[in-house]
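Worksheet for the structure shown next.
Protein chains: 2
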Amino acid sequence: MAIATRTLKKLVNDPSDLVKESLVGLAAAHGDLLRYDPDDQVVVRADAPVEGKVALVSGGGSGHEPLHGGFVGRGMLDAACPGEVFTSPVPEQMLAATKAVDGGAGVIHLVKNYTGDVMNFKLAAEDAEDEGIEVMSVLIDDDVAVQDSLYTAGRRGVGATVLAEKIAGAAADRGDDVQSVAAIATRVNEQARSFGVALSSCTPPAAGKPIFDLPEGEMEVGIGIHGEPGRRREPLASGSEIAALLVDAVVSDLSPEGGTKVLPFVNGMGGTPQIELYLLYGEVQAKLREAGLEPVRRLVGSYITSLEMAGASLTLLALDDELTELWDAPVRTPALRWGA
Amino acid sequence: MAIATRTLKKLVNDPSDLVKESLVGLAAAHGDLLRYDPDDQVVVRADAPVEGKVALVSGGGSGHEPLHGGFVGRGMLDAACPGEVFTSPVPEQMLAATKAVDGGAGVIHLVKNYTGDVMNFKLAAEDAEDEGIEVMSVLIDDDVAVQDSLYTAGRRGVGATVLAEKIAGAAADRGDDVQSVAAIATRVNEQARSFGVALSSCTPPAAGKPIFDLPEGEMEVGIGIHGEPGRRREPLASGSEIAALLVDAVVSDLSPEGGTKVLPFVNGMGGTPQIELYLLYGEVQAKLREAGLEPVRRLVGSYITSLEMAGASLTLLALDDELTELWDAPVRTPALRWGA
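Spelled out as structure tokens, the structure:
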């Protein structure tokens with residue numbers, strides 16, 4: 001029997017069915033918010049299309065849950081197109097999602113900067129335009145770790161994606177037009193920086209072995225969400241030292257003025273428990289204050305993950321009044337919910 | 341330098357400070373909802389005591405986050421007293437929490453059935469009564485895996501605790517008296533059953549090594565949240581088989597009538613990512629329907645954890661109209677939030 005030789009310590013059936021079966025479960029649990037179309041492999045807001053509202057579509061490889069399917073609902077994404085684990089979705093998925101949510105006011109593609117995602121979303125946008133749907137694309141490239149990487153030309157798109165989906169989703173919800181919503185998503189990306197550290201590797205189910213090796217006593221500084229190499233390997237540091245390293249990396253790159261109001265987003269990579277994330281958040285908030293910044297909003301949790309990788313990333317967003325108001329606006333999705 | 345020899349793959353400083361430092365971070369992130377008193381090591385609702393409202397206090401060893409500190413806020417717990425990792429809090433903490441939240445309408449202790457917790461909450465309740473505070477205790481013992489265990493006489497208290505905190509918290513919020521709130525928490529416990537499976541062990545930071553060994557290719561069926569042995573070791577099974585095993589264990593023990601409305605709570609143990617939890621939820625929902633039950637509410641996520649353990653548990657609650665209404669009532673805590 002195959003089972004007797006199973007060694008993959010995961011709640012999966014055939015690894016090649018994981019993405020689809022997980023999406024079935026997501027829709028089963030949250031049918032009030034979203035539906036799953038297995039033919040096109042897209043997750044769509046339950047009441048889409050919303051007539052006259054700008055629609056937001058995002059997507060990318062799976063393995064980063066709740067990103068993106070867990071952010072479909074009211075006040076955030078209208079649709080998500082999930083690829084296989086760590087693999088870009090195909091243009092057909094993106095086009096299907098775009099058509100499913102088009103309410104006549106234009107559709108925005110929020111695209112994390114990975115070569116496959118960028119290329120496929122570009123093709124999908126062209127096809128959608130051919131069908132008479134206005135599409136604007138916003139590229140997210142907030143990871144300061146490295147310029148160019150395993151799957152990316154330029155900087156990688158990571159945690160700012162979550163913030164852009166929430167904030168642009170709120171702008172679409174209040175009735176902004178497609179140019180305005182795109183401008184707000186762009187502003188979030190421009191005012192955000194991210195940096196992450198991995199304490200362990202992770203195992204894509206189909207591969208069945210860790211995506212990279214991390215020797216005992218070391219951590220990967222500047223990790224990518226698909227296990228792409230960062231800036232360097234270092235001996236494992238304390239939570240306080242890691243907080244300092246994260247804060248230094250994002251603050252030195254963003255260079256906000258003293259007194260800037262900020263939203264720190266402390267994100268777990270999937271295998272790091274909350275007890276550690278909150279320790280890290282406490283350290284990060286203290287260090288941001290030492291740096292003269294004013295944390296007035298925050299997000300703590302595992303929202304853009306790398307399967308069961310241990311580690312964390314910090315995304316720092318410089319707020320202004322409008323972004324703060326949009327952040328506070330009601331949201332109702334499987335993974336983020338308040339005010340509704 | 342100590343750092344060069346660090347091997348603990350955790351975001352911690354001195355492991356003995358983890359609990360306190362994590363609570364500092366929790367309060368830093370959620371100061372609108374709760375405050376942390378480091379002298380008594382208790383987490384208290386920001387506006388406590390609420391005059392005339394029955395107050396709910398829970399607590400237990402840390403390492404199960406967000407339980408309990410992440411459930412302090414409006415419509416759930418008034419206070420949590422966190423012990424060290426996997427260690428009962430002391431009666432002084434419980435007494436301090438009880439006094440901090442007493443609004444004159446009585447205080448309920450929600451106690452997970454572990455010998456240390458039961459004994460210490462009993463002492464604290466007696467001390468509180470001596471100070472003129474009416475205290476009622478509700479014992480949670482929903483884990484059907486084993487009768488008596490490493491730290492428990494009788495059944496262990498696990499996932500039903502989360503549901504009881506939410507539902508009893510809503511009853512307190514709507515103005516029920518202390519007997520009524522205690523009766524509702526008791527009803528949740530009586531109508532709930534849980535069962536869990538571990539795919540990996542976990543490492544308490546102070547110990548620095550896994551709490552138990554789980555050989556390659558095996559899983560622990562009926563795991564306790566402190567790594568207590570379950571019913572048996574088995575070869576690793578598929579997600580579908582594990583779902584069947586979880587559903588069978590709780591349904592056979594609860595024996596609900598056909599057509600019963602139920603709330604399945606699929607809980608991650610800390611190191612299992614969402615993509616797997618939703619696959620499991622889909623399987624669980626389908627099998628509950630096959631068993632003639634009607635899942636009308638649900639909870640999916642890592643809410644009562646064992647540090648970074650991989651695995652999941654299922655808690656099944658048989659609903660009635662009142663429990664459903666209380667489940668739906670607004671809640672606003674760091675880890676559970678809706679309608680507010």
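As given, the protein sequences belong to chains A and B, one line each in that order. Read left to right, the first sequence gives residues 1 to 340 (our numbering). Read left to right, the second sequence gives residues 341 to 680 (our numbering). Even for Gly, the Cβ is constructed at its ideal location relative to N, Cα and C.
Q) For K209/A, is the classification buried or exposed, using 16 other Cβ atoms within 10 angstroms of its Cβ as the cut-off for buried? A) In the first sequence, counting from the first residue as 1, residue 209/A sits at position 209. Label assigned to K209/A: exposed.
Q. Whole-angstrom Cβ separation of P544/B and E308/A, contact assumed at under 8 angstroms?
A. For the purposes of this step, residue 544/B is taken as the residue at position 204 of the second sequence. For the purposes of this step, residue 308/A is taken as the residue at position 308 of the first sequence. Not really, about 19 angstroms apart at Cβ, beyond 8 angstroms.
**Q.** Proximity winner among P264/A, V331/A and R332/A, relative to G301/A (alpha-carbon distances)
**A.** For this step, residue 301/A is matched to residue 301 along the first sequence. Distances from the CA of G301/A to each of P264/A, V331/A and R332/A were compared; the closest alpha carbon is that of P264/A.
**Q.** Boundaries of the alpha helix (DSSP H) in which I524/B is found, first to last residue
**A.** Indexing the second sequence from 1 puts residue 524/B at position 184. For I524/B, the enclosing alpha helix (DSSP H) begins and ends at V518 to E530.
**Q.** Exposed unless 16 or more other CB atoms sit within 10 angstroms - verdict on S252/A
**A.** Here residue 252/A refers to the residue found at position 252 when the first sequence is read from its first residue. S252/A comes out exposed.
Q) Going by the CB atoms, is the gap between D516/B and V412/B shorter than 9 angstroms? A) Taking the first residue of the second sequence as position 1, residue 412/B is located at position 72. Taking the first residue of the second sequence as position 1, residue 516/B is located at position 176. It is not a contact, given that the beta carbons lie outside the stated cut-off.
**Q.** Buried or exposed by the 16-neighbour rule on C-beta atoms within 10 Å, applied to T305/A
**A.** Working through the first sequence from its first residue, we reach residue 305/A at position 305. It is buried - the Cβ of T305/A has at least 16 other Cβ atoms within 10 Å.
Q: Pick out whichever of E134/A, S58/A and E190/A has its Cα sitting closest to the Cα of Q93/A.
A: The residue labelled residue 93/A in the question sits at position 93 within the first sequence. Measuring from the Cα of Q93/A, the nearest candidate turns out to be S58/A.
Q: Can you tell me the Cβ-Cβ gap for D32/A and A46/A, rounded? I've got them flagged as a contact below 8 angstroms.
A: Within the first sequence, numbered from 1, the residue matching residue 32/A stands at position 32. Within the first sequence, numbered from 1, the residue matching residue 46/A stands at position 46. Rounded, the Cβ-Cβ distance is 6 angstroms, consistent with contact.
Q | From E474/B, F426/B and T427/B, residue whose alpha carbon lies closest to that of G444/B | A | Sequence index remark: in the second sequence, residue 444/B carries index 104 (1-based). Ranked by Cα distance from G444/B, the first of E474/B, F426/B and T427/B is E474/B.
Q) Run through DSSP, which three-state label would A97/A get? A) Along the first sequence, read from residue 1 onward, the residue named residue 97/A stands at position 97. Reduced to three states, the DSSP call for A97/A is helix.
**Q.** Buried/exposed call for D488/B, threshold 16 Cβ in 10 Å
**A.** For the purposes of this step, residue 488/B is taken as the residue at position 148 of the second sequence. For D488/B, the number of other beta carbons within 10 angstroms of its own is below 16, and it is reported as exposed.
Q: Taking only the alpha-carbon atoms, compute the straight-line gap between S16/A and A206/A and give it to the nearest angstrom.
A: The sequence position of residue 16/A within the first sequence is 16, counting from 1. The sequence position of residue 206/A within the first sequence is 206, counting from 1. Between S16/A and A206/A, the C-alpha separation is close to 6 angstroms.
**Q.** Contiguous alpha helix (DSSP H) assignments of at least 4 residues, all confined to the segment 50-102 of chain A
**A.** Whole alpha helix (DSSP H) segments, 4+ residues: 91-101.
Q: With DSSP as the reference, label G684/B as helix, strand or coil.
A: The structure shown does not extend to residue 684/B, since chain B is modelled only from 341 through 680, so no value can be given for it.
**Q.** Exposure of V636/B, with buried meaning 16 or more beta-carbon neighbours within 10 Å
**A.** As a working note, residue 636/B is residue 296 in the second sequence. Under this definition V636/B is an exposed residue.
(Q) Quick check on DSSP: helix, strand or coil for G282/A? (A) As a first step, residue 282/A is located in the first sequence; it is residue number 282 there, counting from the start. In this structure, DSSP gives G282/A a helical state, which the three-state scheme calls helix.
Q.
Here's the rule I'm using: 16 or more other beta-carbon atoms within 10 Å means buried, otherwise exposed. How should S313/A be labelled?
A. As a working mapping, residue 313/A is identified with position 313 in the first sequence. By the Cβ neighbour-count rule, S313/A is buried, with 16 or more other Cβ atoms within 10 Å of its own.
Q) In angstroms, rounded to a whole number, what distance separates the CA positions of Y643/B and G409/B? A) Within the second sequence, the letter at position 303 stands for residue 643/B. Within the second sequence, the letter at position 69 stands for residue 409/B. Going by the C-alpha atoms only, they are around 11 angstroms apart.
Q: Using a Cβ-Cβ cut-off of less than 7 angstroms, give me the residues of the segment 255-277 of chain A that come near chain B, in sequence order.
A: Result list: G270, G271, T272, P273, Q274, I275 and E276.
Q: Give a yes or no on whether 9 angstroms exceeds the smallest Cβ distance from V640/B to chain E.
A: Looking at the structure shown, chain E is missing, and the protein chains on hand are A and B.
Q | Residues near V671/B by beta carbon distance below 8 angstroms, same chain, minus five either side | A | For this step, residue 671/B is matched to residue 331 along the second sequence. Closer than 8 angstroms at Cβ, skipping near neighbours: G413, R414, G415, M416, K506, G509, A510, R677, W678, G679 and A680.
Q. Taking contact to mean at least 3 C-beta pairs separated by less than 8 angstroms, is the segment 190-204 of chain A in contact with the segment 108-121 of chain A?
A. Too few Cβ pairs lie closer than 8 angstroms, so no.
Q: For L150/A, collect the residues of the same chain with a Cβ closer than 8 angstroms to its Cβ; drop the 5 residues on either side in sequence, then sort them by chain order.
A: Residue 150/A sits at position 150 when you count from the first residue of the first sequence. Answer for L150/A: G224, H226, E228 and P229, listed in chain order.
(Q) For a contact defined as C-beta to C-beta under 7 angstroms, what are the partners of W338/A on chain B? (A) Within the first sequence, the letter at position 338 stands for residue 338/A. Neighbours of W338/A on chain B, chain order: R677.
Q | Member of S428/B, L407/B and V447/B whose CA lies at the smallest distance from the CA of G392/B | A | Taking the first residue of the second sequence as 1, we reach residue 392/B at position 52. Nearest C-alpha to G392/B: V447/B.
(Q) Quick check: is the beta carbon of I108/A nearer than 9 angstroms to any beta carbon in chain B? (A) Here the question's residue 108/A lines up with position 108 in the first sequence. Chain B, which has no Cβ nearer than 9 angstroms to the Cβ of I108/A, makes this no.
Q. In chain order, what residues of the same chain lie with their CB nearer than 6 angstroms to the CB of A2/A, ignoring the 5 residues before and after it?
A. Here residue 2/A corresponds to residue number 2 of the first sequence, with the count starting at 1. Note that A2/A has pLDDT 45, beneath the 50 cutoff, so the model's placement of it is unreliable and no number is given.
Q: Please list, in chain order, all residues of the same chain as P235/A whose beta carbon is under 7 angstroms from its beta carbon, the five residues on each side excluded.
A: Translated into positions along the first sequence, residue 235/A becomes position 235. Result list for P235/A: G217 and E218, in chain order.
Q | Span separating the alpha-carbon of G60/A from that of D40/A | A | Numbered from 1 along the first sequence, position 60 holds the residue referred to as residue 60/A. Numbered from 1 along the first sequence, position 40 holds the residue referred to as residue 40/A. Between G60/A and D40/A, the C-alpha separation is close to 14 angstroms.
Q | V162/A in three-state terms, based on DSSP | A | Position 162 of the first sequence, counting from 1, holds the residue named residue 162/A. Helix.
(Q) Under 8 angstroms: do the segment 619-637 of chain B and the segment 493-503 of chain B share three or more Cβ pairs, one atom per stretch? (A) Note that the segment 619-637 of chain B does not touch the segment 493-503 of chain B; fewer than 3 beta-carbon pairs, one per stretch, sit closer than 8 angstroms.
Q: Show which residues of chain B have a CB atom less than 7 angstroms away from the CB atom of S194/A.
A: In the first sequence, the residue the question calls residue 194/A occupies position 194. S194/A does not reach chain B, its nearest Cβ partner there being about 17 angstroms away, counting only Cβ pairs nearer than 7 angstroms.
Q: Please go through the same chain and pick out, in chain order, the residues whose beta-carbon is closer than 7 angstroms to the beta-carbon of A344/B, but skip the five residues on each side of it.
A: Working through the second sequence from its first residue, we reach residue 344/B at position 4. Low confidence applies here, because A344/B scores a pLDDT of 46, under 50, leaving its location unreliable; read the following figure in that light. Within the same chain, A344/B has no close Cβ partners at all.
Q.
Could you compute how far the alpha carbon of N345/A sits from the alpha carbon of G25/A?
A. As displayed, chain A neither begins before 1 nor continues past 340, which places residue 345/A out of reach and without an answer.
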